[in-house]
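K.L.:
In the working numbering, the protein residues as written are 85 to 271.
#1: Tell me the residue span of the beta strand (DSSP E) that contains residue 266.
#2: Report back the beta-carbon spacing between residue 235 and residue 212 to the nearest angstrom; my notes put them in contact at under 8 Å.
#3: Can you tell me whether DSSP reads residue 254 as helix, strand or coil?
#4: Which of the three DSSP states, helix, strand or coil, is assigned to residue 92?
#5: If we ignore side chains and look at the alpha-carbon of each, how far apart do residue 203 and residue 270 end up?
#6: Can we say the segment 239-248 touches the segment 170-189, given the rule of at least three CB pairs closer than 8 Å?
#7: Return yes when the Cβ of residue 267 is within less than 8 Å of the Cβ of residue 239, no when it is not.
#8: Under 8 Å between the Cβ atoms of residue 280 and residue 153?
#9: Do residue 227 and residue 198 have their CB atoms nearer than 8 Å?
#10: Put residue 178 into one of helix, strand or coil per three-state DSSP.
#11: Is it true that the CB of residue 104 sits closer than 8 Å to the CB of residue 201?
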């Protein structure tokens with residue numbers, strides 16, 4: 085494969101055996117979005133979405149509240165032909181008001197989807213990291229299927245003891261693993 089020839093001949097790019105980009109469907113209100121592969125930032129990506137979740141319809145003279153997904157289009161460094169593999173990271177922040185809830189025992193729980201934001205992929209090794217607030221205690225995780233779970237500590241600006249990070253790892257993740265899971269904490 086010669087990337088230079090592939091880039092120089094756009095009429096060859098439409099082959100049925102390769103795809104040039106992927107579209108990730110991120111949760112509504114996703115912000116601080118990043119995408120990188122093993123050697124750094126990817127130069128080609130686009131983000132679409134209205135994080136406000138409010139639209140005005142003049143004909144009906146009213147506002148409609150909805151929360152459309154944020155779409156991230158990413159283009160790997162090279163086209164992906166059948167059997168080729170690539171490794172990359174997608175990360176983003178979310179507004180807590182939409183995903184963090186009060187629990188009955190005076191704690192809080194996070195309810196979020198586990199699976200890949202890119203549909204119709206089989207992922208050899210999916211790692212989901214949840215960075216919790218500093219001082220979080222009694223951390224428990226409820227996932228509806230088997231995953232490998234570990235904890236780390238991430239130290240950021242102005243942290244004193246660091247933030248707990250829950251790491252969930254699933255081998256051979258398929259679209260059926262795109263289910264909600266909960267992380268419960270007390271602070």
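Glycine is no exception: its CB is placed at the ideal position from the N, C-alpha and C atoms.
Just so you know, these numbers come straight off a predicted model, no measurement behind them.
P.N.:
On the basis of the data shown:
#1: Here residue 266 corresponds to residue number 182 of the chain shown, with the count starting at 1. 264-270 is the extent of the beta strand (DSSP E) around residue 266.
#2: Stepping through the chain shown from its first residue, residue 235 is reached at position 151. Stepping through the chain shown from its first residue, residue 212 is reached at position 128. So it is not a contact: roughly 13 Å between Cβ atoms.
#3: The sequence position of residue 254 within the chain shown is 170, counting from 1. In this structure, residue 254 counts as strand in the three-state DSSP scheme.
#4: Here residue 92 is taken as the residue at index 8 of the chain shown, counted from 1. Residue 92 falls in the helix class under three-state DSSP.
#5: Position 119 of the chain shown, counting from 1, holds the residue named residue 203. Position 186 of the chain shown, counting from 1, holds the residue named residue 270. About 33 Å.
#6: no
#7: Reading the chain shown from its first residue, position 155 is the one you call residue 239. Reading the chain shown from its first residue, position 183 is the one you call residue 267. No, these two residues do not count as a Cβ contact at 8 Å.
#8: Absent from the structure is residue 280, since the part of the chain shown begins at 85 and ends at 271.
#9: Taking the first residue of the chain shown as 1, we reach residue 227 at position 143. Taking the first residue of the chain shown as 1, we reach residue 198 at position 114. Yes. Within cutoff.
#10: Locating residue 178 in the chain shown gives position 94, where the first residue counts as 1. Of the three classes helix, strand and coil, the one that applies to residue 178 here is coil, per DSSP.
#11: Translated into the one-based positions of the chain shown, residue 201 becomes position 117. Translated into the one-based positions of the chain shown, residue 104 becomes position 20. No, Cβ-Cβ distance for residue 201 and residue 104 is not below 8 Å.
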